[in-house]
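**Q**
Right, here's the structure in full:
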């Protein structure tokens with residue numbers, strides 16, 4: 006809607022933004038948000054944990070936040086503060102970079118007949134538990150002065166939240182910690198430090214809160230010791246900064262093509278054994294221990310078959326849907342199977 010405003014209206018909005026920036030005050034209406042719970046695909050509707058919260062806030066607030074974030078990213082990139090392992094919210098980078106980095110390392114391990122063990126971490130409600138004071142502390146440490154940290158502090162101040170289900174609104178409650186939905190760069194500023202906890206010999210990649218570490222070697226004992234040291238340091242860092250790593254959802258994969266029987270490593274997280282799985286989804290791609298990609302191909306085949314069956318039902322000449330409807334359906338399915346979207 007904002008794109009259709011007149012030049013005069015856009016100029017008035019810019020004046021409002023400059024006024025907010027100058028006086029360092031936020032409109033009270035921007036501190037109110039409505040959350041709509043959306044059920045995750047294939048999950049039990051009776052469990053509250055199976056819903057994804059979608060937060061609705063002021064459009065003008067989101068626009069101003071995007072403008073400030075662009076400047077923030079520019080300064081962070083210029084100061085080389087964001088580590089190269091973080092691929093999210095950066096120009097020319099994406100999930101494919103992290104996937105190719107891991108795939109290349111796995112293939113090198115196969116060629117040199119080494120073991121490579123990768124751990125995929127799951128952080129419980131990472132956005133909701135981000136320490137706001139920690140973000141401001143890191144900003145001052147980077148060298149941000151003046152209006153920028155004050156604006157971000159005001160932006161992060163307590164927000165009144167109400168949950169809407171249908172036409173019913175809950176009573177308001179206040180969010181004391183965490184970052185607003187969509188404020189990726191603020192989350193990245195805080196989680197960037199986790200990479201610095203890794204010991205020598207352990208590599209990693211990070212996309213927002215999708216943390217993956219791996220280590221390779223001919224001796225499984227060496228790999229196990231290095232990864233356990235890394236897990237302990239990451240877990241300790243998480244506890245100090247308000248994050249909780251899920252012992253149930255964190256998994257490991259042992260990539261190996263060496264002949265004979267090879268024992269899997271035993272890794273612990275919060276006194277629980279990290280399960281070693283044959284395949285797992287990483288940034289939308291299903292990786293298997295032999296790197297054949299067969300599980301991912303079968304997954305895509307099932308999705309495409311389901312869609313094709315629907316199209317067959319709709320394409321009957323006497324009872325089917327219109328051509329435009331079918332083309333729209335095909336376009337949506339083609340978009341949904343792109344890398345990082347499934």
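In my numbering, the protein residues as written are 6 to 347. In this text, a Cβ means the ideal position worked out from N, Cα and C, and glycines have one as well. Note that the coordinates shown come from a computational prediction; the quantities given were computed from them, not determined experimentally.
#1: From the DSSP output, in three-state form, read off residue 279 for me.
#2: Check whether the Cβ atoms of residue 61 and residue 43 sit closer than 9 Å, and answer yes or no.
#3: Using the rule of at least 16 other Cβ atoms within 10 Å of the residue's Cβ for burial, across every protein chain shown, is residue 50 buried or exposed?
#4: Quick one: residues in its chain with C-beta nearer than 7 Å to the C-beta of residue 199, no 5 flanking neighbours on either side, listed in chain order?
#5: So, is the C-beta of residue 90 closer than 9 Å to a C-beta in chain C?
#6: Taking 8 Å as the cut-off, does the stretch 204-211 touch the stretch 241-261 (at least 3 CB pairs, one atom from each stretch)?
#7: To the nearest angstrom, how far is it from the Cα of residue 282 to the Cα of residue 154?
#8: Between which two residues does the beta strand (DSSP E) carrying residue 138 extend?
#9: Please go through the stretch 170-230 and give each complete beta strand (DSSP E) segment of 3 or more residues, from N-terminal end onward.
#10: Pick from 122, 188, 24: whose alpha carbon is nearest that of residue 75?
#11: Can you tell me which of the three DSSP states residue 37 falls into?
#12: At which residue ranges does the stretch 229-312 contain complete beta strand (DSSP E) runs of 3 or more residues, listed in the order of the chain?
#13: Pick from 92, 114, 287, 272: whose alpha carbon is nearest that of residue 211?
#14: Roughly how many whole angstroms lie between the Cα atoms of residue 263 and residue 221?
#15: Can you give me the C-alpha to C-alpha distance between residue 260 and residue 109, rounded to a whole angstrom?
#16: Look at the alpha carbon of residue 300 and the alpha carbon of residue 22, and state the distance between them as a whole number of angstroms.
#17: Among the residues of its own chain, which have a CB less than 6 Å from the CB of residue 202, if the five just before and after it don't count?
#18: With H, G and I counted as helix, E and B as strand and the rest as coil, what does DSSP make of residue 89?
#19: For residue 122, which residues does DSSP report across the bridge?
#20: Return the bridge partner residues of residue 167 from the DSSP annotation.
#21: Taking the C-alpha atoms as reference points, what is the distance between residue 106 and residue 312?
#22: Select from 12, 90, 24, 274 the residue whose C-alpha is nearest the C-alpha of residue 193.
#23: So, do the stretch 284-298 and the stretch 135-144 have three or more beta carbon pairs nearer to each other than 8 Å?
#24: Starting from residue 100 and walking both ways along the alpha helix (DSSP H), at which residues does that stretch end?
#25: Between which two residues does the alpha helix (DSSP H) carrying residue 13 extend?
#26: Who are the near neighbours of residue 184 in its chain, counting only those whose CB is closer than 6 Å to its CB and skipping five residues on each side?
#27: Does DSSP put residue 391 in a helix, a strand or coil?
#28: Skipping 5 residues on each side, what residues in its chain have a beta carbon closer than 7 Å to that of residue 295?
#29: For residue 128, which residues does DSSP report across the bridge?
#30: If you drop the 5 nearest sequence neighbours on each side, which residues of the same chain put their C-beta closer than 6 Å to that of residue 69?
#31: Would residue 197 and residue 88 be called neighbours here (beta carbons separated by less than 9 Å)?
#32: At the level of alpha carbons, what is the spacing between residue 30 and residue 302?
#33: Which of the three DSSP states is assigned to residue 32 in this structure?
#34: Within a Cβ cutoff of 6 Å, which residues of the same chain sit near residue 98, ignoring the five residues on either side of it in sequence?
#35: Can you find the residues in the same chain that come closer than 7 Å, C-beta to C-beta, to residue 119, ignoring five residues on each side of it along the sequence?
#36: Taking all protein chains shown into account, decide if residue 214 is buried (16 or more other Cβ within 10 angstroms of its Cβ) or exposed.
**A** In brief:
#1: coil
#2: No, Cβ-Cβ distance for residue 61 and residue 43 is not below 9 Å.
#3: Residue 50 counts as exposed, since fewer than 16 other beta carbons sit within 10 angstroms of its beta carbon.
#4: 216, 239, 242
#5: In summary, chain C is missing from the structure at hand, where a single protein chain is found.
#6: Cβ pair count under 8 Å is below three, so no.
#7: The alpha-carbon atoms of residue 282 and residue 154 are separated by roughly 43 Å.
#8: Element bounds for residue 138: not the beta strand (DSSP E) but the alpha helix (DSSP H), 137-147.
#9: 178-180, 208-212, 215-222
#10: 188
#11: In the three-state DSSP reduction, residue 37 falls in the strand class (E or B).
#12: Taking 3 residues as the shortest admissible run, the stretch 229-312 contains the following complete beta strand (DSSP E) segments, listed from N- to C-terminal end: 256-260, 284-287, 290-293.
#13: 92
#14: Residue 263 and residue 221 have their alpha carbons spaced roughly 13 Å apart.
#15: 12 Å
#16: 50 Å
#17: 238, 239, 242
#18: coil
#19: 220, 259
#20: 39
#21: 32 Å
#22: 90
#23: no
#24: 100-116
#25: 12-28
#26: 132, 135, 191, 192
#27: Absent from the structure is residue 391, since the part of the chain shown begins at 6 and ends at 347.
#28: 262
#29: Beta-bridge pairing links residue 128 to 250.
#30: Taken in chain order, the residues that qualify are 22.
#31: yes
#32: 52 Å
#33: coil
#34: 92
#35: For residue 119, where only same-chain residues beyond five positions count, the Cβ hits under 7 Å are 221, 222, 223.
#36: buried
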